[in-house]
Structure formats: structure tokens, C-alpha cells
Amino acid sequence: MPDAELALDLQFGTFPGAAEHRALLRKPRVRRWMAMALQRPGEIAVRIVGEAEGRDLNRQYRGKDYATNVLTFDYARAPVVSADLVLCGPVLEREAAAQRKPLEAHYAHLLVHGTLHAQGYDHETGERDALEMEALEILLLGALGFPNPY
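In numbering that gives the first Met the number 0, the protein residues as written are 0 to 149.
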């Protein structure tokens, strides 16, 4: 998949360890990861948040009372992908440690994952859709130099 043009707004909330996440997630790096997953131009805001903000958003928009790793708010898919991605830094840290993978690799995976969601891919609509999305993630992450996230 060719890299598509991406207008990226990268934001960081306030939470313990936010400085380390900010240092890891430099805008050119995040743009490269996400652009690899875009099939058309995109305007996407990414916000890295702490657990309180992540939990509030997940409760408000999904009715689930916990902080999740990534939330995707897709507003338009064509002609330009328009979306907000919210990633919960502390959740990603815990997951990366539990999966024994570098935090960078986990961020790359979930940014690609969220970018695919913003374009209509959905792993919760059935096994076939989940397998398609996972295969695409494996392919894209491999092209970015990351191992299979599954």
C-alpha cells in the first residue's frame, strides 16, 4: 500500500510518564507509521492520554467504564479520511510489558490499527473481517520493520 498524504495533529495529555511517551512519539515517526496504513489522504488528530481521560472517553462514547488502549472516532472516509485517535499511554505500557514487546512496537501497531479503523476496517464485525484486518496489520508493520504483533 503506498503512503498517503497525512495532516497529523499530535497531542499529549498530562499523566505520569508523559514526557517519555512524548520523546518516543516524535511527529515524523508517528506520521510515517500512520501514512503507511492510509489508502487515501487523511486529516487525523492523535491524542496520547492518561488513564482518567481514557476511561472518561471510553465510558462516554462506548459505555465501558475502563481505560482502553485505543479509541477511534472516524468522521469521514472519503475523499479524505477524517478521524481522531485516542491512545492511553499507561494502558499501552502495561500491555507492552505483558506481551514482552517494546513500547515503540506496540504504539506502531495500535496507530496502524486505529488508522485502519478510521477507514472502515472492523475486527468486531466477524471472524473474516478480523482476519483481514490482522493480516493487513501484519503486512504493514512488517514493511515498517516491526514483527508480527500477534
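Backbone N, C-alpha and C define an ideal beta-carbon position, used for all residues, glycine too.
Using a Cβ-Cβ cut-off of 6 Å (strictly less than) and excluding sequence neighbours within five positions of residue i, which residues of its own chain qualify?
i, result
"A17", "F11"
"A44", "D8 and D83"
For residue i, does the count of other Cβ atoms within 10 angstroms reach 16, so buried, or fall short, so exposed?
i, result
"L130", "exposed"
"A134", "exposed"
"N57", "buried"
"E136", "buried"
"N68", "buried"
"P15", "exposed"
"T71", "buried"
"R30", "buried"
"M0", "Unreliable placement is indicated for M0, whose pLDDT of 44 sits below 50; the coordinate value is still reported in the next sentence. Exposed, since its Cβ has fewer than 16 Cβ neighbours within 10 Å."
"G119", "exposed"
"A95", "buried"
Measure from the alpha carbon of residue i to the alpha carbon of each residue in the options, then state which is nearest.
i, options, result
"G141", "A117, V111 and H116", "V111"
"L115", "A95, R39 and E52", "R39"
"E52", "N147, R21, L86 and E42", "L86"
"Y74", "A117, L139 and A22", "A117"
"I47", "A36, A22 and E4", "A22"
On the premise that residue j lies in contact with residue i, defined as a C-beta separation below 8 Å, what is that separation, rounded to the nearest angstrom?
i, j, result
"V80", "G41", "4 Å"
For residue i, collect the residues of the same chain with a Cβ closer than 8 Å to its Cβ; drop the 5 residues on either side in sequence, then sort them by chain order.
i, result
"Q98", "H105"
"E92", "G16 and L102"
For this session: Report yes or no: do the region 100-111 and the region 119-128 share at least 3 C-beta pairs separated by less than 8 Å?
Result: no
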